[in-house]
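Colleague: Numbering (my numbering), first residue to last: 337 to 407.
(1) Secondary structure at residue 348, three-state DSSP: helix, strand or coil?
(2) Using a Cβ-Cβ cut-off of 8 Å (strictly less than) and excluding sequence neighbours within five positions of residue 359, which residues of its own chain qualify?
(3) Just the Cα atoms here: how many angstroms apart are residue 380 and residue 387?
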């Protein structure tokens, strides 16, 4: 009826209820990363050739070396 997969899941729910007094459904939410932008989202670069991709990354490395010379 409740589709509880293990006794451990039920024990965790009871423990959380005793601590907080309520249990909220947070499935699909990313509470830990609230306010922090995802670095994987944003402008994606598609290269036509491997050489073009290599040149792009070489230029990126050179730029970063100039920005952070102490590393």
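Think of the CB as a built atom: it goes at the ideal place given N, C-alpha and C, for glycine as much as any other residue.
Modeller: The structure says:
(1) helix
(2) 349, 352 and 353
(3) 17 Å
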